[in-house]
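10 is the number of the first residue of the sequence shown in our numbering; add one for each residue after it.
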Amino acid sequence: MIGRAAAAGAAIAAVGLVVSGTGADADTSLGRAGLAGLLLVTGSCVLAAAAVGSFTGVLAGWLPTRRWPVARLAVSNLARSPARTAGTAVSILIGVGLVMLTTVLTSSFQANVSNSVGRIYRGDAVVAGSSGMPGVARSDAARFDDAVGVASSTSVRSGPVKFGSNVGTAIALDGRAFLGPAFSPAAISSFTGDGILVRAGLGLSPGSEITVTGAEAAVETTVTGTFSGRLVDGSGARIEVVLPLELADKVLPAGPDDAVLTRTTGDVDPAALDRADADAALDVLSVSGFARRTASSADRAFALSVALLAMTLVTSVIGLANTVVASVAERRREISVLRALGLGAGQLARLITLETAILAAMVAVAATAVAVGTGALLIGSVAPRGTPISVPWVRIATIGAAATVLCSLAGLVPAQRATRIPVNEGLVEE
10 MIGRAAAAGA AIAAVGLVVS GTGADADTSL GRAGLAGLLL VTGSCVLAAA
60 AVGSFTGVLA GWLPTRRWPV ARLAVSNLAR SPARTAGTAV SILIGVGLVM
110 LTTVLTSSFQ ANVSNSVGRI YRGDAVVAGS SGMPGVARSD AARFDDAVGV
160 ASSTSVRSGP VKFGSNVGTA IALDGRAFLG PAFSPAAISS FTGDGILVRA
210 GLGLSPGSEI TVTGAEAAVE TTVTGTFSGR LVDGSGARIE VVLPLELADK
260 VLPAGPDDAV LTRTTGDVDP AALDRADADA ALDVLSVSGF ARRTASSADR
310 AFALSVALLA MTLVTSVIGL ANTVVASVAE RRREISVLRA LGLGAGQLAR
360 LITLETAILA AMVAVAATAV AVGTGALLIG SVAPRGTPIS VPWVRIATIG
410 AAATVLCSLA GLVPAQRATR IPVNEGLVEE
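#1: If distances are taken between C-alpha atoms only, which option among Thr413, Ser325, Val374 and Ile408 comes closest to Asp362?
#2: Measuring CB to CB, does Thr51 end up less than 9 Å from Phe311?
#3: Any idea which residues DSSP pairs Asn175 with across the strands?
#4: By DSSP, does Arg76 sit in helix, in strand, or in coil?
#5: Does Arg93 come within less than 9 Å of chain B when only Cβ atoms are used?
#6: Give a yes or no on contact between the segment 366-380 and the segment 100-109, applying the rule of three or more CB pairs nearer than 8 Å.
#7: Using only alpha-carbon positions, find the residue among Gly177, Thr383, Leu68 and Ile21 that is nearest to Leu48.
#8: Looking only at its chain, what residues have a beta carbon closer than 6 Å to the beta carbon of Ala424, apart from the 5 residues adjacent to it on each side?
#9: Counting only runs that start and end within the segment 277-314, where is the alpha helix (DSSP H) found for 4 or more residues in a row?
#10: Would you say the segment 62-72 touches the segment 322-331, given that touching needs at least three Cβ pairs under 8 Å?
#11: Out of Arg426, Leu368 and Trp402, which one is the CA nearest neighbour of Pro91?
#12: Applying the criterion that 16 or more other CB atoms from any shown protein chain within 10 Å of the CB defines a buried residue, is Ile327 buried or exposed?
#13: Check for me: the alpha helix (DSSP H) holding Arg426 runs from which residue to which?
#14: Give the straight-line distance between the Cα atoms of Gly32 and Ala191, rounded to the nearest whole angstrom.
#15: Kindly indicate which residue of Asn121, Ser198, Val170 and Leu182 has the alpha-carbon position closest to the one of Ser164.
#16: For Lys171, I'd like the list of residues in its chain whose CB is within less than 7 Å of its CB, leaving aside the five on either flank, ordered along the chain.
#17: Identify whether Ile398 lies in helix, strand or coil by the three-state DSSP scheme.
#18: Consult DSSP for Gly62 and reduce its assignment to one of helix, strand or coil.
#19: For the 8 Å Cβ check, are there 3 or more pairs between the segment 264-281 and the segment 78-98?
#20: Locate the alpha helix (DSSP H) running through Val260, then write down its first and last residues.
#21: With DSSP as the reference, identify every bridge partner of Phe236, one or two as the case may be.
#22: Output needed for Ser399: all residues of its chain with C-beta closer than 6 Å, excluding positions within five of it in sequence on either side, in chain order.
#23: In terms of residues, what are the limits of the alpha helix (DSSP H) holding Ala105?
#24: By Cβ distance below 7 Å, which residues in the same chain neighbour Leu415 in space, the five residues on each side in sequence not counted?
#25: Using only the alpha-carbon positions, how far apart do Ile408 and Ser199 sit?
#26: Can you list, in chain order, the residues of its chain with a C-beta nearer than 6 Å to that of Ala246? Leave out the 5 residues immediately preceding and following it.
#27: Going by C-alpha to C-alpha distance, which of Val99, Asn86 and Ala45 sits closest to Thr321?
#28: So is Trp229 buried or exposed if we call it buried at 16+ other beta carbons inside 10 Å?
#29: One question on the structure: do Asp242 and Val126 come within less than 9 Å of each other, judged by their Cβ atoms?
#30: Please state the DSSP three-state secondary structure of Gly264.
#31: Helix, strand or coil, according to DSSP, for Ala35 in the structure here?
#32: Please check the pair Ala268 and Phe299, which I expect to be a contact at CB under 8 Å, by giving their CB distance rounded to whole angstroms.
#33: May I have the straight-line CA-CA distance separating Arg41 from Ala410, to the nearest angstrom?
#34: Closest by CA to Arg147, which one among Ala338, Leu254 and Ser305?
#35: Quick check: Arg185 and Glu249, are their CB atoms within less than 9 Å of each other?
#36: Please report the residue range of the beta strand (DSSP E) in which Val221 lies.
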């Protein structure tokens with residue numbers, strides 16, 4: 010039974026791996042990535058649950074009876090029915106695994122955005138809208154050109170455009186002074202304002218004549234250089250083209266700027282510039298601070314996702330409690346024999362609670378492996394090769410510990426019921 014479940018889980022995960030197309034240079038479609046994710050999570054959970062069911066037998070043989078008699082008995086009870094243990098584990102695995110997987114994906118997204126934004130721009134200070142504000146008004150952006158302590162500044166804008174036969178996200182700024190280390194010196198020097206930079210690998214090369222079409226107009230221009238690497242904006246959209254501000258004014262919709270990059274003079278730092286401006290609607294940050302804040306925009310969506318997935322975990326814990334209650338009811342005679350042989354009520358309660366705690370701890374470890382492995386595969390399927398995965402180990406450990414505690418608490422109710430089974434009634438049952 011366990012072997013068949015493990016084989017089925019491995020087969021489902023393998024199909025998910027094939028569907029994901031992990032390692033491809035081109036991004037996988039979201040629909041395909043979603044199907045791959047479903048198959049990978051399902052297969053991995055089934056496989057991991059089967060592994061938990063089998064591992065209990067190994068653990069039962071390893072624990073010394075004299076030193077930890079109650080723990081050994083608890084593990085032996087789990088190992089006695091590996092199929093039931095695996096079935097119970099899979100429901101908890103789904104709940105814990107999904108929460109952990111969401112955590113890994115969100116952390117990787119934020120790390121990717123923060124790293125990318127920090128490499129796109131160069132400057133001494135970044136002016137951005139304060140929390141809850143959509144951006145920097147054009148009038149405010151112009152004001153920083155003449156601000157005390159500012160040597161030069163540029164607005165930063167972004168939006169979707171079509172360039173040639175390609176469609177993607179564009180950013181616009183005064184690039185020669187403010188493009189960051191993600192761009193080569195040759196690309197920066199070629200960005201004179203008379204043309205655009207495009208991502209390498211799109212079939213365009215310096216000197217190519219191209220039409221850039223945005224929401225407002227279509228403009229003829231020239232490709233002056235290319236850049237490589239995976240660069241994304243705050244929404245995670247891949248940046249495909251860099252426009253000069255004059256061209257962006259013609260093709261991108263009118264509206265607030267995303268930010269304003271500045272070069273300061275002397276000892277003027279972001280904090281000093283913020284104090285000098287004293288505008289509550291604007292924040293002045295360093296480039297790294299702006300990158301971190303841009304990445305943190307996913308925090309609200311992450312919190313909502315975890316809250317919804319936590320309901321799955323709560324349902325799994327309730328299911329675990331019901332399963333243990335049913336197990337106690339089936340073991341009335343065995344429990345009565347143990348009580349008759351001298352097992353105290355406290356020891357019995359600890360035995361039942363230990364069963365759920367040990368199972369939950371093993372599931373937490375398995376869920377961590379599922380989340381990290383599946384997260385890496387999913388990131389590899391929806392992002393180009395080389396996109397890093399970021400695992401927040403402290404947060405993952407906290408989730409695992411919280412899940413273990415919840416499952417242990419779920420064992421208290423059946424443990425209490427077990428202590429109330431009359432010894433004489435249990436012994437006479439067939």
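Each residue gets a CB set at the ideal place from its N, CA and C atoms; glycine is no exception.
These numbers come from a predicted model, not from an experiment.
Let me spell this out:
#1: Position 353 of the sequence shown holds residue 362. Asp is not the amino acid found at residue 362; the sequence shown has Thr there. The residue with the shortest Cα to Cα distance from Thr362 is Thr413.
#2: Taking the sequence shown and counting its residues from 1, the one referred to as residue 51 is at position 42. Taking the sequence shown and counting its residues from 1, the one referred to as residue 311 is at position 302. Their beta carbons are not under 9 Å apart, which means Thr51 does not touch Phe311 by this criterion.
#3: Residue 175 sits at position 166 when you count from the first residue of the sequence shown. Asn175 pairs with Phe172.
#4: On the sequence shown, position 67 is the one that residue 76 refers to. Arg76: coil per DSSP, three-state reduction.
#5: Structure shown: chain B not included; a single protein chain is present.
#6: yes
#7: Position 39 of the sequence shown, counted from the first residue, corresponds to residue 48. It is Ile21 whose Cα lies nearest to the Cα of Leu48.
#8: Taking the sequence shown and counting its residues from 1, one reaches residue 424 at position 415. The answer, listed in chain order, is Ala358, Ile361 and Thr362.
#9: 279-286 and 296-304
#10: no
#11: For the purposes of this step, residue 91 is identified with residue 82 of the sequence shown, where counting begins at 1. When each option's Cα is compared against that of Pro91, the closest is Leu368.
#12: Residue 327 sits at position 318 when you count from the first residue of the sequence shown. With fewer than 16 Cβ atoms within 10 Å of its Cβ, Ile327 is classed as exposed.
#13: The residue labelled residue 426 in the question sits at position 417 within the sequence shown. Start and end: Leu421 to Thr428.
#14: Here residue 32 is taken as the residue at index 23 of the sequence shown, counted from 1. Here residue 191 is taken as the residue at index 182 of the sequence shown, counted from 1. Reliability fails at Gly32, whose pLDDT of 48 lies under 50, so the model's placement of it is uncertain and the value that follows must be treated cautiously. Answer to the nearest angstrom: the Cα atoms are 22 Å apart.
#15: In the sequence shown, residue 164 corresponds to position 155, counting from 1. It is Leu182 whose Cα lies nearest to the Cα of Ser164.
#16: To locate residue 171, count along the sequence shown from 1; it is residue 162. Here the set comprises Thr222.
#17: The count along the sequence shown starts at 1 and reaches residue 398 at position 389. Correct three-state label for Ile398: coil.
#18: In the sequence shown, residue 62 corresponds to position 53, counting from 1. Note: Gly62 maps to helix in three-state DSSP.
#19: no
#20: The residue given as residue 260 occupies position 251 in the sequence shown. Element bounds for Val260: Leu254 to Val260.
#21: The count along the sequence shown starts at 1 and reaches residue 236 at position 227. According to DSSP, which records beta bridges pairwise, Phe236 is partnered with Arg208.
#22: By 1-based counting over the sequence shown, the position of residue 399 is 390. Closer than 6 Å at the Cβ level, and outside the excluded window around Ser399, lie Ser116, Ser117 and Ala120.
#23: Residue mapping note: residue 105 aligns to position 96 of the sequence shown, counting from 1. With the sequence shown as reference, residue 105 is identified as Val, and Ala is not the correct amino acid for it. Counting along the chain, the alpha helix (DSSP H) containing Val105 begins and ends at Pro91 to Ile129.
#24: Here residue 415 corresponds to residue number 406 of the sequence shown, with the count starting at 1. Here the set comprises Val326.
#25: Within the sequence shown, residue 408 is the residue found at index 399, counting from 1. Within the sequence shown, residue 199 is the residue found at index 190, counting from 1. Answer to the nearest angstrom: the Cα atoms are 49 Å apart.
#26: Reading the sequence shown from its first residue, position 237 is the one you call residue 246. Excluding sequence neighbours, Ala246 sits near Thr178.
#27: Here the question's residue 321 lines up with position 312 in the sequence shown. The option with the nearest alpha carbon to Thr321 is Val99.
#28: In the sequence shown, residue 229 corresponds to position 220, counting from 1. Sequence inspection shows Glu at residue 229; the Trp mentioned does not correspond to that position. It counts as exposed.
#29: Numbered from 1 along the sequence shown, position 233 holds the residue referred to as residue 242. Numbered from 1 along the sequence shown, position 117 holds the residue referred to as residue 126. In contact: Asp242 and Val126 (Cβ atoms closer than 9 Å).
#30: In the sequence shown, counting from the first residue as 1, residue 264 sits at position 255. Here Gly264 sits in coil by DSSP.
#31: As a working note, residue 35 is residue 26 in the sequence shown. For Ala35, the pLDDT reaches just 42, beneath the cut-off of 50, and the residue's location in the model is therefore unreliable, although a value from the coordinates is still provided. DSSP places Ala35 in coil when its eight states are reduced to three.
#32: Residue 268 sits at position 259 when you count from the first residue of the sequence shown. Residue 299 sits at position 290 when you count from the first residue of the sequence shown. Correct: roughly 7 Å between the Cβ atoms.
#33: Your numbering for residue 41 matches position 32 in the sequence shown. Your numbering for residue 410 matches position 401 in the sequence shown. Rounded to whole angstroms, Arg41 to Ala410 spans 33 Å at the Cα level.
#34: Position 138 of the sequence shown, counted from the first residue, corresponds to residue 147. Residue Leu254 is the option with its Cα nearest to Arg147.
#35: As a first step, residue 185 is located in the sequence shown; it is residue number 176 there, counting from the start. As a first step, residue 249 is located in the sequence shown; it is residue number 240 there, counting from the start. Taking 9 Å as the Cβ cut-off, Arg185 and Glu249 do not qualify as a contacting pair.
#36: Here residue 221 is taken as the residue at index 212 of the sequence shown, counted from 1. Per DSSP, Val221 belongs to the beta strand (DSSP E) from Glu218 to Thr222.
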